[in-house]
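Written out below as structure tokens is the structure these notes cover.
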Amino acid sequence: MVKRLKRDPAKEDAILQAALAAFAQDGYPASTEQIAQAAGVSKGSVFRYFENKAVLFEAAVKQAMETLNIVTDLSVWKNSEDLVMMVMRASQYKKELSHQYPNEFALLLRVYLKEPGIPEELREEVSQIYTDWSDRLIDDLITGLLDKLELRPGLDHQLVQDYLLLAIRMMMVDIQRYLEERPEVKTIDQMEELIKRVQATMDLFEHGIVK
Numbered sequence: 006m007v008k009r010l011k012r013d014p015a016k017e018d019a020i021l022q023a024a025l026a027a028f029a030q031d032g033y034p035a036s037t038e039q040i041a042q043a044a045g046v047s048k049g050s051v052f053r054y055f056e057n058k059a060v061l062f063e064a065a066v067k068q069a070m071e072t073l074n075i076v077t078d079l080s081v082w083k084n085s086e087d088l089v090m091m092v093m094r095a096s097q098y099k100k101e102l103s104h105q106y107p108n109e110f111a112l113l114l115r116v117y118l119k120e121p122g123i124p125e126e127l128r129e130e131v132s133q134i135y136t137d138w139s140d141r142l143i144d145d146l147i148t149g150l151l152d153k154l155e156l157r158p159g160l161d162h163q164l165v166q167d168y169l170l171l172a173i174r175m176m177m178v179d180i181q182r183y184l185e186e187r188p189e190v191k192t193i194d195q196m197e198e199l200i201k202r203v204q205a206t207m208d209l210f211e212h213g214i215v216k
């Protein structure tokens, strides 16, 4: 019987971190040779810890989400007094985190965009993992804030939550673009123009467009 080699957690983590960085920079086409070199191990060691490249890619995606789960402070959103401030703070905080954890955000962005370089079956699998993770996070944030809204009697609570989820996603994309184009804007106090735009959007949400 062939004796099974003992796994080295430090080596396994080095491979995973190297893979995360490589996939973030070059996408799925990143070579396992490149990953092995960055981790300081042989290519054979990569496949001893991760069965194949697809398994390694999925593990890197899950690692990126786990890291962001650990470092994200949800009180930044949950303590917001209204929807406008929640969206503003969430967008600003997301920008700050993306600069602190560029590899994690870059890799998850590739998954979100469903890059064609990822094999189709794997692409759909990791995309679903990402979607489930993102939806759980946002749902958790929205649920608390919905309790602060005075909804019309008879409205379906789940329908309102789904509608609000779409609205917030749209606004966060717009805010993220605004902040990236204006790196000098760093605090809420500097966002008067942006706050007015978000308030106008939320006014549409709360009061509709028909007189």
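Just so you know, the working numbering puts 56 at position 51 of the sequence shown, and the rest follows in order with no gaps. Where is the CB? At the ideal position from N, CA and C, for every residue including glycine.
Helix, strand or coil for F62 per DSSP? helix
For T95, the first and last residue of its enclosing alpha helix (DSSP H): Note that residue 95 is Ala in the sequence shown, not Thr. Run containing A95: 88 to 105, per the alpha helix (DSSP H) assignment.
Backbone secondary structure at D13 - three-state DSSP: Under the three-state reduction of DSSP, D13 is assigned to coil, being neither helix nor strand.
Going residue by residue through the stretch 106 to 161, where are the continuous alpha helix (DSSP H) segments of at least 4 residues, counting only ones entirely within it? With a minimum length of 4 residues, the continuous alpha helix (DSSP H) runs that stay inside the stretch 106 to 161 are 107 to 117, 125 to 151.
Could you tell me how far apart the beta carbons of Y106 and F62 are, in whole angstroms, since I believe they sit closer than 8 Å? At roughly 18 Å, the Cβ-Cβ gap does not stay under 8 Å, so Y106 and F62 are not in contact.
According to DSSP, is I180 part of a helix, a strand, or is it coil? For I180, the secondary structure class from DSSP, reduced to helix, strand or coil, is helix.
In angstroms, rounded to a whole number, what distance separates the CA positions of E109 and V46? Spanning the two alpha carbons is a distance of roughly 22 Å.
Rounded straight-line distance, which links the Cα of R53 to that of V7: Any answer about V7 is weak, because its pLDDT of 43 lies below 50 and its placement is not dependable; what the coordinates show is given next. Going by the C-alpha atoms only, they are around 14 Å apart.
Please confirm whether I147 and L164 have their CB atoms less than 8 Å apart. no
Whether or not the stretch 200 to 212 and the stretch 76 to 95 are in contact is what I'm after, with contact meaning three or more pairs of Cβ atoms, one per stretch, closer than 8 Å; do they touch? Two segments are said to touch when three or more pairs of C-beta atoms, one from each, lie closer than 8 Å; by this definition the stretch 76 to 95 touches the stretch 200 to 212.
Using a Cβ-Cβ cut-off of 8 Å (strictly less than) and excluding sequence neighbours within five positions of I20, which residues of its own chain qualify? Here the set comprises I40, A41, A44, V46, S50, V51, Y54, F55, L61.
M207 versus D18, Y168, A69, residue with shortest Cα-Cα distance: That would be Y168, whose Cα lies nearest to the Cα of M207.
Give the DSSP-derived three-state secondary structure of V215 in the structure shown. coil
How should R12 be labelled, buried or exposed, when 16 other C-beta atoms within 10 angstroms of its C-beta is the threshold for buried? exposed
Counting only the same chain and skipping the five closest in sequence on each side, list residues whose C-beta sits under 6 Å from that of I180. Result list for I180: S96, in chain order.
Which first and last residues belong to the alpha helix (DSSP H) in which R53 is found? 48 to 54
Using 10 angstroms around the beta-carbon of L112, count the other beta-carbons present and answer buried if the total reaches 16, otherwise exposed. Buried.
Since Q166 and L151 are thought to touch, with beta carbons under 8 Å apart, how far apart are those beta carbons, to the nearest angstrom? 6 Å
Is A65 closer than 8 Å to A15 when the C-beta atoms are compared? For A15 and A65, no; Cβs fall outside 8 Å.
Of the residues V215, A29, L79, K119, which one's Cα is nearest the Cα of V131? K119
I need the DSSP call for R187, collapsed to helix, strand or coil. coil
Might you give, ordered along the chain, the residues of its own chain that have their beta carbon closer than 6 Å to the beta carbon of K100, omitting 5 neighbours on each side? L184
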